[in-house]
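In my numbering, the protein residues as written are 542 to 1379. Glycine residues also receive a C-beta, built at the ideal position from the N, C-alpha and C atoms. Just so it is clear, the structure is predicted and the values come from calculations on it, not from any experiment.
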Amino acid sequence: SSGQASTVGLLQSSQDVFNRIASFDLGAYWFRPRGIDGRTSENMMNGVSMVKSDNGNVDFSNWGGLNEIVRYPEIFSNHSPSEYAFGGASGIIYKNTKASEYRKGFQATYSITNRNYRQRVSLRYTSGMSKKGWAFTVMGAKRWAEEGIQEGTFYDAYGTYLGIEKRINDNHTITFNAFASPYRRSTASPSTQEVFDYRGVHYNSYWGWQDGEKRSERVRKGFQPIFQIQDFLKINKKSNLWTSVSYQFGKDKGSRLDWQNAQNPSPTYYKKLPSYYLNSIIYSQYHNNTPAANYDLLLQGYQAANENWINNNQDVTQINWSSLYAANLANDVVDQAEMSTRFGLTGKRAKYFLVNDVSDDKIFNAATHYTYNFNDKTRFLLNVSYQNFKSEYYREVNDLLGADYALNVDPYADSNKAGSSGLFDMNDTQLAKHVGDKINYDYILRRQEVKVNPGLKLSTGQFDVFVSGLFGYSTSNREGLFKNYLYQNNSFGESKDYNYWNYGLKGQIIYRLNGRNFFVYNGAYFSQAPFLEDIFINPRANNYTVPNIKNAVISANDLSYVISTPFLKLRATGYIVNTQNDTNVQRFFADGLVLNVSEADTGSEDKTASAFVTQTMSNVNKRNMGAELGVDVKVLPTLSLQGVASWGEYKYTNNPNVYISSDVMAAPYANLGTAYIKDFKVGGTAQKAFSAGFRYNSPKYWWFGASWNYLDDNNLDPSAILRTNDFIQNNNSSTPFVNLDDPKIERYMQQVKLPSSFFVNANVGKSWIIGKYYVLISGSVNNILDNRKYITGGFEQIRSANGNVDFENDYNSRYPNFAPKYWYTQGRSYFVNLQVRF
């Protein structure tokens, strides 16, 4: 209807001043509107979902570099309903890439920047629609950097696209779209505040020198092409049917160093930092129980480490690849004799080696989108989608670093299960693994999911109403391909199927006071099945699931007042989102796990392990509430002023249960009981954000804009494990450790609040038409004042309590042994773009 048409632009997220600034100005500093988990979003390409069933995320690298193809999608904000899918609580992005809809001719682009990559070049060609009904669009792009803004990082990525469209007649069109974006890049590490204070915010612990070149241990490599066919059929004047099928396959690999019976090679391993020695000295002075000789050794260790970090001795502050090769090539007669006696192996076993963690995806999607217009005021919608997800996850040997083989045996076997074989795969008698061989773990996750989404849009008088429903069903399982020695009856073969029903209802009511003033209400109530990585607590090793896992239930409401005139655009919104029964899974590498290690495990002289850890919270309840204001005022025909304010309060509203599992634990998981995090703030984004700026558009086709942006109330997400009774109590007496009094507990349990900060951004551009050429030059600078004090994210390190020592160190030390790790903003960044169309 005419009323519905008048509100389309009003409700499009891309047209909304708040969402535009939140995305481009505040989003540069990891601001997330309303603090909603991105896993409740929907991202659709040519009619099918790009959300992956294993973790609920979207891998944007699958079409990386193809900006000119995927730009300007339809965006439906937050929990508002959409014509294309039910979605969740954090928006729906929908993009059709029809070949004929791009501008006919060539478009060449060259960009320079100082961010993750340094340069980008692309070329797109569109044929336009021929008289015979064919249209073609092709594009290629490359992004690269020998070294990005973070030390020791490189970037090498390609993007290719092919779009073919065949118009059979005015009522029927078929399209084919293919995306292929192979990439290879290295990543940057989080670090403790101590490390940043020594080496600055661009420090990266993942690289070191080898033969005069920087080599990174953390390299991501991926190639997962997508092929899609879409059919557009206008059945009659009242109804349309769009049908899509899509298939994606390929591997994503991430490398890292692994080691057996050796010390952690990371330069930021806590025992290699000056704070380790200093904390030991502080503790010995506090208790006066360290012999003088040991005290002298600690002091010498601190002085040496401090000097190395101050002077940036890169044999110490970066990975020492030479020492890793030397350890592997050393003539360790004792070790070789043990390998020969125990396993019948000859040659030098790798103490250090590079591995790849691999996901090998195969994803099939099919979907239909049907519309029927009863009249110009009433429209019926029906979306049906199906996804078949299968991915194999395994670890493979990448580089033996001079050794002859890597041993596929758990180095902690004697402590985990005395007298056991320690075999990661008891069905495999070949224990010596070489480059390309699978090692440690190998399993498959599967899910099939069907969603049915009916909707009804109607307009009557001053009201527009949109109601959307959801009925969904999913079935999931795990298949182990390794028979792990710890879980011989629950690791190899298929698990049972885990089945979940989803349901939901969304509604939108628009009340038009007049043609310029509106009230808009959006409401949603729906369930969401746990993703595959939420269901299985330690899928690398076994089929065990998180206890009492169930669907999350989300209810969301917001009410907006909107003004839309040629001179003033304003939106003021209040919102509340409640999440219940959620499952929160965090997987990361942890130092300092205390194990009951026997003397046979010579790799951990201090009886601690560095290991891959899963922390799982079940029955998590959260509340996200707040208000948003966006204003755009045109004070002159060429000058507009913009302002944004976001006030939020995102909290945990209960004390959930917490479990921990690890590759080095004999039990499938440990139930740590209740995590006392009620009223703690949900981390990951600033909860208060403000922006003020202007934009000048010259009649001579140039523009200039600038903005001031402020972010506050950002917190680290609380580690559940660190806030359990199990962590602060002596397990022998079930009472707090002797010297752990109430002030120390209160200080220790406090949430880590991150510093607030402000940033200034600017952008400028100019366009020309020169004959048949259109030329555009644009540039932007973020963080002009080079603010390097803002922490964009981080996490509290998990470790096991070690009596009074850890608490004394934390209470008295400036740099605790297991302090939180952070990512900092990268400082001033720029992006300059040259575009030529012809």
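Boundaries (first-last residue) of the beta strand (DSSP E) holding residue i
i     : result
Y1314 : 1314 to 1323
D1327 : That residue, D1327, is in no beta strand (DSSP E); it is neither H nor E in DSSP.
N560  : Note, N560: premise wrong, no beta strand (DSSP E); alpha helix (DSSP H) at 558 to 562.
F915  : 893 to 916
S1068 : 1058 to 1069
R612  : Run containing R612: none; DSSP gives neither H nor E here.
D799  : 780 to 800
I705  : 696 to 710
D1099 : 1093 to 1105
T882  : Segment 874 to 884 is the alpha helix (DSSP H) holding T882; no beta strand (DSSP E) there.
E1074 : Note, E1074: premise wrong, no beta strand (DSSP E); alpha helix (DSSP H) at 1073 to 1076.
W1188 : 1180 to 1193
G1045 : 1039 to 1053
A1230 : 1229 to 1238
D1253 : 1243 to 1253
W571  : Per DSSP, W571 belongs to no beta strand (DSSP E) and is neither H nor E.
L664  : 660 to 667
V679  : 675 to 686
Identified DSSP bridge partners for residue i
i     : result
I1311 : Y1314
Q1376 : T650, L1317
L999  : T919, V1006
G749  : R756
Q771  : T716, S785
T733  : K1362
M585  : S590, Y635
T1215 : N1198
A1113 : Y1102, L1170
S926  : A908, K992
Cβ separation of residue i and residue j, assumed to be a contact under 8 angstroms, to the nearest whole Å
i     : j     : result
A891  : L942  : 6 angstroms
S1101 : V1061 : 4 angstroms
F1372 : S1321 : 5 angstroms
G1064 : N1031 : G1064 to N1031, Cβ: 43 angstroms. No contact.
L607  : G700  : 5 angstroms
S1232 : V1154 : Rounded, the Cβ-Cβ distance is 38 angstroms, inconsistent with contact.
Residue range of the unbroken alpha helix (DSSP H) whose run includes residue i
i     : result
D951  : Where D951 is concerned, there is no enclosing alpha helix (DSSP H), given that its DSSP letter is neither H nor E.
R1288 : 1283 to 1290
V516  : This structure cannot speak to residue 516, because the chain is shown only from 542 to 1379.
Span separating the alpha-carbon of residue i from that of residue j
i     : j     : result
Q545  : F790  : For Q545, the pLDDT reaches just 48, beneath the cut-off of 50, and the residue's location in the model is therefore unreliable, although a value from the coordinates is still provided. Computed Cα separation, rounded: 40 angstroms.
S543  : F773  : In this prediction, S543 has a pLDDT of 42, which is less than 50 and means its spatial position is unreliable; nothing more can be read from the coordinates.
R759  : W685  : 17 angstroms
S1297 : G1115 : 23 angstroms
A1342 : F1268 : In this prediction, A1342 scores a pLDDT of 49, lower than 50, which makes its location untrustworthy; no coordinate-derived value is stated.
F1359 : A630  : 35 angstroms
R661  : N1304 : 19 angstroms
L1136 : L948  : Confidence at L1136 is low in this model, with a pLDDT of 45, below 50, so its placement is unreliable and no value can be given for it.
L886  : M880  : 6 angstroms
I822  : Q734  : 20 angstroms
A729  : K755  : 13 angstroms
Y1289 : V1006 : 51 angstroms
L782  : Y911  : 5 angstroms
T1205 : A1152 : Position check: residue 1205 holds Val in this sequence, whereas Thr was assumed. If you take the alpha carbons of V1205 and A1152, they lie about 7 angstroms apart.
Y1365 : I1332 : 4 angstroms
D1038 : F1221 : 35 angstroms
D1123 : V1103 : 33 angstroms
I616  : I633  : 6 angstroms
E1287 : P1259 : 14 angstroms
Y1014 : F1072 : 13 angstroms
P1209 : F1023 : 16 angstroms
K1163 : N1212 : 22 angstroms
G1144 : Y724  : With a pLDDT of 32 at G1144, under the threshold of 50, the predicted position of this residue should be treated as unreliable, though the coordinate-derived value follows. Taking the straight line joining both Cα atoms gives about 36 angstroms.
P1357 : S816  : 7 angstroms
T1157 : T1086 : 11 angstroms
R1019 : D983  : 11 angstroms
D1147 : S1354 : Residue placement at D1147 is flagged as unreliable, the pLDDT there being 38, under the threshold of 50; the coordinate-derived value follows with that caveat. The straight-line gap from Cα to Cα measures roughly 21 angstroms.
N1196 : Q1291 : 15 angstroms
Beta carbon proximity, residue i to chain D, threshold 8 angstroms
i    : result
R561 : No chain D appears in the structure shown, which is made up of a single protein chain.
| task | Ignoring anything shorter than 4 residues or poking outside the region 841 to 867, list the alpha helix (DSSP H) runs there in chain order. | result | The alpha helix (DSSP H) runs of length 4 or more contained entirely in the region 841 to 867 are, from start to end of the chain, 855 to 858.
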